[in-house]
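Engineer: I am attaching a structure below and will ask some questions about it afterwards.
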Amino acid sequence: MTKTNAGRFFEDYAVGDVITHAVPRTIKMGERALYHALYPARHALHSSDQFAQSCGLPFSPLDDLITFHTVFGKTVPDVSLNAVANLGYAEGRWITPLWPGDTITATSEVIGVKQNSNGKSGVVWVRTTGRNQHDEVLMSYVRWVMVRKRGEGDAPTPVIPELAAVVAVDELMIPQGLDFTNYDFALAGEPHRLGDYAVGEIIDHVDGVTIEEAEHMLATRLWQNTAKVHFDATNRPDGKRLIYGGHVISLARALSFNGLANVQMIVALNGGAHANPCFAGDTVRAWSEVLDIAQTSAPGVGAIRLRLVATKGAPGVLRGEDGKYDPDVLLDLDYWALMPV
Numbered sequence: 000m001t002k003t004n005a006g007r008f009f010e011d012y013a014v015g016d017v018i019t020h021a022v023p024r025t026i027k028m029g030e031r032a033l034y035h036a037l038y039p040a041r042h043a044l045h046s047s048d049q050f051a052q053s054c055g056l057p058f059s060p061l062d063d064l065i066t067f068h069t070v071f072g073k074t075v076p077d078v079s080l081n082a083v084a085n086l087g088y089a090e091g092r093w094i095t096p097l098w099p100g101d102t103i104t105a106t107s108e109v110i111g112v113k114q115n116s117n118g119k120s121g122v123v124w125v126r127t128t129g130r131n132q133h134d135e136v137l138m139s140y141v142r143w144v145m146v147r148k149r150g151e152g153d154a155p156t157p158v159i160p161e162l163a164a165v166v167a168v169d170e171l172m173i174p175q176g177l178d179f180t181n182y183d184f185a186l187a188g189e190p191h192r193l194g195d196y197a198v199g200e201i202i203d204h205v206d207g208v209t210i211e212e213a214e215h216m217l218a219t220r221l222w223q224n225t226a227k228v229h230f231d232a233t234n235r236p237d238g239k240r241l242i243y244g245g246h247v248i249s250l251a252r253a254l255s256f257n258g259l260a261n262v263q264m265i266v267a268l269n270g271g272a273h274a275n276p277c278f279a280g281d282t283v284r285a286w287s288e289v290l291d292i293a294q295t296s297a298p299g300v301g302a303i304r305l306r307l308v309a310t311k312g313a314p315g316v317l318r319g320e321d322g323k324y325d326p327d328v329l330l331d332l333d334y335w336a337l338m339p340v
């Protein structure tokens with residue numbers, strides 16, 4: 000009897016199933032060091048204990064996307080090992096900061112299934128929740144993936160979940176104690192407050208980063224992401240290894256420092272799409288569009304909703320006249336973050 004795991008196929012999912020993901024992982028400062036080595040990440044709140052303490056926190060929390068990558072990586076063997084594509088995200092919320100020494104576990108609930116018309120694959124929706132060692136929710140999000148079928152067979156009754164287009168402002172979780180009234184703009188790197196941004200404004204983040212094969216492989220291993228398309232060059236007809244979409248997310252977020260240095264904490268993921276594949280050798284640039292701004296109940300803390308676009312092309316270009324993503328666009332991400340008012 001085989002003891003290896005070939006991964007789940009579309010037929011193996013049923014609405015209501017709850018999957019407990021292996022393996023628990025304790026996150027320490029080594030992960031921060033590697034994260035900052037892999038990406039040009041330099042937002043002050045995630046870089047300095049003293050800066051974080053001046054903002055009312057006990058010390059510097061780990062980067063929000065470390066939480067996302069670690070939780071996401073846990074789900075891959077059970078959700079997307081046999082995926083054709085990761086299609087989108089919704090209803091993502093960061094609930095509790097990740098502190099050095101926390102241990103992350105994750106579970107996913109299947110909330111939707113729909114077989115594709117070709118009969119060879121189907122779409123699976125899951126709501127994933129990451130928790131710390133105290134059973135506190137670190138974050139939760141919905142994602143949907145296209146998964147291969149094992150073989151011919153009857154299609155299950157379609158269940159397509161209704162998902163919110165945007166996480167409501169009053170559902171954003173503000174870390175306990177966060178206070179930006181004494182925020183040091185000089186140390187943060189830019190003078191721009193929430194009120195300096197306008198809805199509809201486009202920000203070109205200027206800088207670019209060329210992705211190397213070695214660094215994306217290191218990143219994918221770091222997050223324990225076992226998806227075959229990222230590791231096995233024989234898995235694709237073109238012989239290329241696909242860059243993990245989260246690697247592009249973190250690169251774009253880090254590049255957004257130039258123009259959004261004071262956008263300190265990501266608190267919600269409204270939606271997202273990996274528009275086109277990314278490969279080693281591609282040079283990634285980023286631009287953002289301001290979608291909304293709002294006040295919060297925390298002292299000096301505002302919320303900004305941004306569209307973050309990673310591209311190989313020009314800033315501000317998203318879709319063609321046919322409504323499809325421009326071929327150079329790699330990522331279209333809609334998120335809420337916190338910054339000083």
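In terms of numbering that gives the first Met the number 0, the sequence shown opens at residue 0 and continues consecutively. C-beta: ideal position from N, C-alpha, C; glycine also.
Taking the alpha carbon of Ser116 as the point to measure from, which residue in Thr104, Asp153, Trp124 has its own alpha carbon closest?
Structural biologist: Measuring from the Cα of Ser116, the nearest candidate turns out to be Asp153.
Engineer: Go to Met216, then tell me how far its beta strand (DSSP E) extends in each direction, as first and last residue.
Structural biologist: Here Met216 belongs to no beta strand (DSSP E); instead the alpha helix (DSSP H) covers 212–221.
Engineer: Which same chain residues, not among the five before or five after Arg318, have their C-beta less than 7 angstroms away from its C-beta?
Structural biologist: Excluding positions up to five away in sequence, the list reads Tyr324, Asp325.
Engineer: For the 8 angstroms Cβ check, are there 3 or more pairs between the region 216–230 and the region 240–251?
Structural biologist: The region 216–230, when compared against the region 240–251, does touch it at the 8 angstroms Cβ threshold.
Engineer: Taking Ala13 as the reference, give the member of Thr66, Gln175, Gly121 with the closest Cα.
Structural biologist: Of Thr66, Gln175, Gly121, the residue nearest in Cα terms is Gly121.
Engineer: Is the distance from the Cβ of Val300 to the Cβ of Leu186 below 7 angstroms?
Structural biologist: Cβ distance not < 7 angstroms, so Val300 and Leu186 don't count as in contact.
Engineer: For Gln192 versus Ser139, is the C-beta spacing smaller than 7 angstroms?
Structural biologist: It is Arg, not Gln, that sits at residue 192 in the sequence shown. The answer is no: Cβ separation not under 7 angstroms.
Engineer: Alpha carbon to alpha carbon, how far is Ala293 from Val168?
Structural biologist: Near 7 angstroms, if we compare the C-alpha coordinates of Val168 and Ala293.
Engineer: Within 10 angstroms of its Cβ, does Asn81 collect 16 or more other Cβ (buried), or is it exposed?
Structural biologist: By the 10 Å Cβ count, Asn81 comes out buried.
Engineer: From the DSSP output, which residues share a beta bridge with Pro339?
Structural biologist: According to DSSP, which records beta bridges pairwise, Pro339 is partnered with Val300.
Engineer: Pair every Cβ in the region 195–207 with every Cβ in the region 270–281, then say whether three or more of these pairs are closer than 8 angstroms.
Structural biologist: No, the region 195–207 does not touch the region 270–281.
Engineer: With a CB to CB cut of under 6 angstroms and the five nearest residues on each side skipped, what residues in its chain are close to Ala164?
Structural biologist: Here the set comprises nothing.
Engineer: Can you tell which of Arg306, Asp16, Thr106 has the C-alpha that lies nearest to the C-alpha of Val289?
Structural biologist: Nearest of Arg306, Asp16, Thr106 to Val289, Cα basis: Arg306.
Engineer: Between the Cα of Arg107 and the Cα atoms of Ser47, Pro76, Gly199, Pro339, which residue gives the shortest distance?
Structural biologist: For the record, residue 107 in the displayed sequence is Ser; it is not Arg. Of the candidates Ser47, Pro76, Gly199, Pro339, the one whose C-alpha sits nearest the C-alpha of Ser107 is Pro76.
Engineer: What number of angstroms, rounded off, separates the C-alpha of Glu200 from the C-alpha of Asp291?
Structural biologist: Whole-angstrom Cα-Cα distance: 10 angstroms.
Engineer: Our contact map puts Ile173 next to Leu330 with C-beta atoms below 8 angstroms; I'd like the distance itself, whole angstroms only.
Structural biologist: Going by Cβ atoms, the distance from Ile173 to Leu330 rounds to 26 angstroms, so no, they are not a contact pair.
Engineer: In this structure, how does DSSP classify Thr106 when only helix, strand and coil are distinguished?
Structural biologist: Thr106: strand per DSSP, three-state reduction.
Engineer: By the DSSP assignment, the alpha helix (DSSP H) with Pro76 in it spans what residues?
Structural biologist: Looking at the DSSP string, the run of the alpha helix (DSSP H) that includes Pro76 is 63–78.
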